[in-house]
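Okay, so the sequence shown: first residue is 93 according to the working numbering, each after it adds one. Reviewing the structure listed below.
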Amino acid sequence: MSLSQKDHKQRLEEALQGNVTYKSLQGVIPCRIIIDGNYYNIYVKNLSPAYFPNKDVWRAQLPSLDVFAEMKDSTIPFIFLGYDEENDVYATWNPHKVKQRLNEALYVSFYSRLSKQIAAREEDRFVREKLQNDGEVLIFPRLKLSTYLLNSELFFPDKSDYVAMGSKRRVDANDAYRELNNNKNISLFAKYLVEKDCDKVNSYCHWLKYLINQNLFSLHRKDFLACDTIYQYDAAIDRFLKNEDIQTLEIDSEQQLRNILRRYVEFLKTIFESKEDVVPDEDDVQETPHEKSSSSEESIDYDSPYYKNGKITKVTNPEILHQIEPHLNTTYQELLPALNLLNRYYSAKFELKMEFKDWVKLIHEIDWNTCYDSKPVIKEDKVTKRKVTHILRVTFGDGRVLQHLNSARVFAKVIEECYPDLITEMGLTAAGVNIVSTELSEKYSTDQMPICDGKYYVMTNLSTSDKCEILKKIAEELGLDYKAELVSKEQFEESGTFVCDLPSASRKRIKVTFPDGRIVQNTQVMQTLVDVVEYATPERVLTLDLRIGGKNIITNNEAEVKGQNKYKSVGGGYYVNTGSSTNDKFSQINELNMKLNLNLQVELV
């Protein structure tokens, strides 16, 4: 059974009551407690299967809540616990980095491993597991919660700034920050404003130049590096404007500065979109998955060109630049910590013959206004070339046609419009990567195109013909009304190039406001239904006898749900049937709300 907030609080208190210094100060879940004189904000969520091909992967989803805004700004540690009821264990993650992800998305997933949860129970000990997404999870028996809280800083000593935690998008995060802080963009920004008929070009550019040249972006880089991509910078602007030194700038109003930054971010998005829209030359061919031998990050070499005879001659790698900048790009430099970071970083890569004076010279030669502009050396792979002869075309039942020289754009756009939540579970893969997934692959992250505002990623490293065949299979499996085909380049040119927009969220969603103010508006509509059923409890929903295809929407029959992707776990051995349209789910949620007196506000948006 999916535990309620009250149940979670009761079990938390059972685990802590042995410590006489424990006291609950406020709230159910989330709650604030004090133990041994230390304050903690705690939020607990059920652990459940992540529904990946690897059944060992479990997760707890951290929602966006208004109450988290105050907790995020507080100096009190934020502890997120995922609870496995069957094994009676908690999973938890670095509190410092969890806090930085509060309210960054409607839901942020934190992952665990079922095998380690079982091990923690059977061996009655703390179990630490490294995850594929550069993070780690700590799992322990519930009754050891007091021990964890009093030693959390020892378990998770890393308090570094969050940079794309939970993904492999460090390159995107660094690229976005570099462009933000690039004063070469000012003249291009001015042209952009003129094209947009802006009447404040001089004022906007003056203040932008001031922010860059006075290192104000650099001083508050963590506000921006908390974002995976430029497309999340709207939230970064809000954080940036809350800084005390920014609020004291002699500008007409905070709103004017907000407008400047938003227009600038809009401009930066066009830069990144133009990079994404580049179509390779006719004779260029995309690598097939089996040919690919390294990830994008592995093929970018920032360091080797500046290593000679045991010496480092220039620092260009954004990763190490971001680490040493807090010590160096400031009024009072801290040379020794920066030197130690550099020595540790380069010693792991090269055999060094650097003396102290060499490190000092290297540090003094860093120009913080231009250092992020250095172009890395790209290791070129030898790829067989062939002439592009066919284009992917998709014709929908309403007559709409999608086609483009870049087949990846068509492929991703169609998937976005045709229930990616269901396609995720069809088991379609390329090079061992799910065609639609919620996480980036370590090896093929540069070949995965984000859709639905970054909720999903579409694997595009396939031939055009393979993309066509996969779209056909999806249409057949889900009963979708479109025709996917390959047309000759001549046919494509004769019909006129239809510019297929980059994927963007377009389908209807269900917005549910709970009595405690929590708002759910998932990209996956089926997840909204799951959330509501969990809130209502599946046992109560079962008694309503709501039906889909003649069967109750709720079942606890394992044989019935086996191999059926449409059934989703709602805890306690129960499953909900999500195999209905968005409108049907909207009706089902409204019926649950009315018959069970849930006091929900339900909207179709």
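Positions of the beta carbon are idealized from the N, C-alpha and C atoms, including for glycine.
If you look at residue 577, you'll find it in the beta strand (DSSP E) that goes 574-580. If you keep only unbroken alpha helix (DSSP H) runs of at least 4 residues inside the segment 507-553, you get 512-515. When DSSP states are grouped into helix, strand and coil, residue 168 belongs to the coil group. A straight line joining the alpha-carbon of residue 574 with that of residue 227 spans about 41 Å. In the structure shown, residue 121 adopts coil according to DSSP, grouped into three states. A distance below 7 Å between beta-carbons, with the five flanking residues on each side excluded, links residue 533 to the following residues of its chain, in chain order: 525 and 540. Under the three-state reduction of DSSP output, residue 318 falls in the coil class, being neither helix nor strand. Here the alpha carbons of residue 234 and residue 212 stand approximately 10 Å from one another. Annotation note: the segment 614-675 contains the following uninterrupted beta strand (DSSP E) runs of length 3 or greater, listed N- to C-terminal: 659-663 and 666-669. Classified as exposed, residue 432 has fewer than 16 neighbouring CB atoms from the shown chains inside 10 Å of its CB.
By the neighbour-count criterion, in which 16 or more other beta carbons inside 10 Å mark a residue as buried, residue 552 falls on the buried side.
Residue 519 and residue 146 have their alpha carbons spaced roughly 11 Å apart. Listed as beta-bridge partners of residue 209 by DSSP are no residues whatsoever. Straight-line measurement puts the Cα of residue 175 at about 6 Å from the Cα of residue 181.
According to DSSP, residue 495 shares a beta bridge with 485. Here residue 153 carries a strand assignment [DSSP, helix/strand/coil]. Taking 9 Å as the cut-off, the beta carbon of residue 495 is found no closer than this to the beta carbon of residue 198. A distance below 9 Å separates the beta carbons of residue 134 and residue 104.
Between residue 502 and residue 454 the beta-carbon gap is near 48 Å, outside 8 Å, which marks them as no contact. In the displayed model, residue 238 falls within a helix according to three-state DSSP. Taking residue 611 as the centre and dropping the five residues before and after it, the same chain places the C-beta of 605 closer than 6 Å to its C-beta, in chain order. Annotation for residue 133: the continuous beta strand (DSSP E) segment containing it runs 130-138. Within the same chain, Cβ atoms closer than 8 Å to the Cβ of residue 558 are found at 522, the five residues on either side in sequence being excluded.
At the C-beta level, residue 274 and residue 304 come within 9 Å of one another. Taking residue 184 as the centre and dropping the five residues before and after it, the same chain places the C-beta of 173 and 230 closer than 6 Å to its C-beta, in chain order. For residue 513, the CB contacts under 7 Å within the same chain, skipping 5 residues up- and downstream, are 616 and 618 in chain order. Just measuring C-alpha positions, the residue of 576, 645, 284 and 651 sitting nearest residue 679 is 645. Cα atoms of residue 490 and residue 550: separation of roughly 24 Å, rounded to the nearest angstrom. Close CB contacts of residue 208 within its chain, under the 6 Å cut and outside five residues either way in sequence, are with 219, 221 and 231 (chain order). Residue 98 counts as exposed, since fewer than 16 other C-beta atoms from the protein chains shown sit within 10 angstroms of its C-beta.
With a beta-carbon spacing of about 41 Å, residue 410 and residue 179 fall beyond the 8 Å limit used to define contacts. Taking residue 190 as reference, the option from 580, 177 and 171 with the minimal CA-CA separation is 171. Ranked by how close their Cα comes to the Cα of residue 114, the residues 193, 206, 242 and 202 have 242 in first place.
Looking at 327, 670 and 118, the one whose alpha-carbon comes closest to that of residue 315 is 327.
For residue 232, the uninterrupted beta strand (DSSP E) segment begins and ends at 228-233. Per DSSP, residue 220 lies in no alpha helix (DSSP H) segment; the continuous beta strand (DSSP E) that holds it begins and ends at 219-222.
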